[in-house]
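**Q**
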Amino acid sequence: GGCIHIAFGVTYPIGLDAVSALYQQMITEPLSRRNLPVNDEAALREHLAGLGERARALLASAEMLEAVRGFGRTFHYQRETYDLPDLLDNAHVAYEVTAPGTRLVEQGGRFGLVRSGDNRAVEVPADVAGLTKWVLARTSFRRTEIDGAFAEAPKAVVDRFLEDMQRMALLRIM
7 GGCIHIAFGV TYPIGLDAVS ALYQQMITEP LSRRNLPVND EAALREHLAG LGERARALLA
67 SAEMLEAVRG FGRTFHYQRE TYDLPDLLDN AHVAYEVTAP GTRLVEQGGR FGLVRSGDNR
127 AVEVPADVAG LTKWVLARTS FRRTEIDGAF AEAPKAVVDR FLEDMQRMAL LRIM
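The letter at position 137 of the sequence shown is residue 143 when you use the working numbering, and the numbering goes up by one with no holes.
#1: Taking the beta strand (DSSP E) that residue 117 falls in, what are its first and last residues?
#2: Does DSSP classify residue 156 as helix, strand or coil?
#3: Pull up the CB-CB distance for residue 103 and residue 142, whole angstroms please, since I reckon it's below 8 Å.
#4: Hey, residue 53 and residue 42: beta-carbon distance below 9 Å or not?
#5: Residue 123 to residue 31, Cα distance in whole Å?
#6: Closer than 7 Å by C-beta to residue 146: which residues in its own chain qualify, once you throw out the five before and the five after it? Chain order, please.
#7: Please confirm whether residue 128 and residue 174 have their CB atoms less than 9 Å apart.
#8: Along the beta strand (DSSP E) that carries residue 72, what are the first and last residues, could you check?
#9: To which residues of the same chain is residue 37 closer than 8 Å at the C-beta, ignoring the five residues directly before and after it?
#10: Just the C-alpha distance for residue 9 and residue 90, rounded to the nearest angstrom, thanks.
#11: Is the CB-CB distance between residue 118 and residue 130 below 9 Å?
#12: Per DSSP, which residues does residue 146 bridge with? Please list them.
#13: Going by DSSP, what residues sit across from residue 113 in a beta bridge?
#14: Reducing DSSP to helix, strand and coil, say where residue 177 ends up.
#15: Of all the options 24, 138, 176 and 148, which has the alpha carbon lying nearest to the alpha carbon of residue 76?
#16: Grab me the residues of residue 108's own chain with a C-beta within less than 8 Å of its C-beta, minus the 5 sequence neighbours each way, in chain order.
#17: Of the residues 170, 178, 34 and 44, which one's Cα is nearest the Cα of residue 135?
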């Protein structure tokens with residue numbers, strides 16, 4: 007369950023901004039600076055309840071109300087933005103090869119992946135054998151590099167190959 011928040015040019019203070027203001031108040035509280043009880047669940051529960059009560063009192067105070075209202079009046083914080091077209095452009099994606107000791111073998115025109123210390127092979131379709139050999143010769147690469155090395159390969163074939171390699175835990179996006 008992920009979520010996405012899209013703000014079209016208007017960003018208001020959020021609850022975490024009030025929590026930041028609360029933090030500034032709580033650092034002056036002796037209870038906040040005291041070590042948390044260890045190996046005593048009842049004492050820890052009491053300590054946390056005390057912190058909660060103090061935080062509630064501070065958040066409900068007239069001083070905090072005015073501080074947060076003042077913050078809201080002068081709020082110009084630039085939240086992180088995303089360039090969605092750039093994020094969706096997989097040319098910038100980098101991959102790490104997570105297959106140490108894995109090699110491509112060929113026998114009788116058939117190809118297979120073999121891990122070091124294992125004599126079993128996972129068959130690799132001949133049309134992606136070149137892609138596989140190229141990837142296994144590296145520790146990492148960018149999408150632009152594989153696209154350049156295999157410019158003649160249809161994009162859909164390279165896309166599928168990269169997805170399959172990730173599913174097989176031979177690649178991961180960095």
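C-beta atoms are modelled at their ideal positions from N, C-alpha and C, and glycine is treated no differently. Quantities reported herein were computed from a predicted structural model and do not represent experimental measurements.
**A** Based on what the coordinates show:
#1: Translated into the one-based positions of the sequence shown, residue 117 becomes position 111. Here the beta strand (DSSP E) through residue 117 covers 116 to 121.
#2: Along the sequence shown, read from residue 1 onward, the residue named residue 156 stands at position 150. Residue 156 falls in the coil class under three-state DSSP.
#3: Here residue 103 refers to the residue found at position 97 of the sequence shown. Here residue 142 refers to the residue found at position 136 of the sequence shown. Here residue 103 really is in contact with residue 142; their C-beta atoms are around 7 Å apart, less than 8 Å.
#4: Working through the sequence shown from its first residue, we reach residue 53 at position 47. Working through the sequence shown from its first residue, we reach residue 42 at position 36. Against a cut-off of 9 Å, the Cβ pair of residue 42 and residue 53 comes out as a contact.
#5: Start at 1 with the first residue of the sequence shown, and residue 123 comes out as number 117. Start at 1 with the first residue of the sequence shown, and residue 31 comes out as number 25. Computed Cα separation, rounded: 60 Å.
#6: To locate residue 146, count along the sequence shown from 1; it is residue 140. The residues are 100, 101, 102, 103 and 180.
#7: In the sequence shown, residue 128 corresponds to position 122, counting from 1. In the sequence shown, residue 174 corresponds to position 168, counting from 1. Cβ distance < 9 Å, so residue 128 and residue 174 count as in contact.
#8: Translated into the one-based positions of the sequence shown, residue 72 becomes position 66. Looking at the DSSP string, residue 72 is not in any beta strand (DSSP E); the run it does join, the alpha helix (DSSP H), is 68 to 79.
#9: Counting from one through the sequence shown, the residue named residue 37 turns up at place 31. Taken in chain order, the residues that qualify are 53, 56, 57 and 60.
#10: Here residue 9 corresponds to residue number 3 of the sequence shown, with the count starting at 1. Here residue 90 corresponds to residue number 84 of the sequence shown, with the count starting at 1. Rounded to the nearest whole angstrom, the CA to CA distance from residue 9 to residue 90 is 15 Å.
#11: For this step, residue 118 is matched to residue 112 along the sequence shown. For this step, residue 130 is matched to residue 124 along the sequence shown. Their beta carbons are under 9 Å apart, which means residue 118 touches residue 130 by this criterion.
#12: Along the sequence shown, read from residue 1 onward, the residue named residue 146 stands at position 140. Beta bridge pairing from DSSP links residue 146 with 102.
#13: By 1-based counting over the sequence shown, the position of residue 113 is 107. Residue 113 pairs with 116.
#14: As a first step, residue 177 must be located in the sequence shown, where it is residue number 171. For residue 177, the three-state secondary structure derived from DSSP is strand.
#15: Along the sequence shown, one-based indexing puts residue 76 at 70. Cα-wise, what sits closest to residue 76 is 24.
#16: Walking along the sequence shown from the start, residue 108 turns up at place 102. Scanning its chain for C-beta atoms nearer than 8 Å, with the 5 sequence neighbours on each side dropped, one finds around residue 108 the residues 119, 120, 121, 122, 142 and 176, in chain order.
#17: As a first step, residue 135 is located in the sequence shown; it is residue number 129 there, counting from the start. Here the closest residue by C-alpha is 170.
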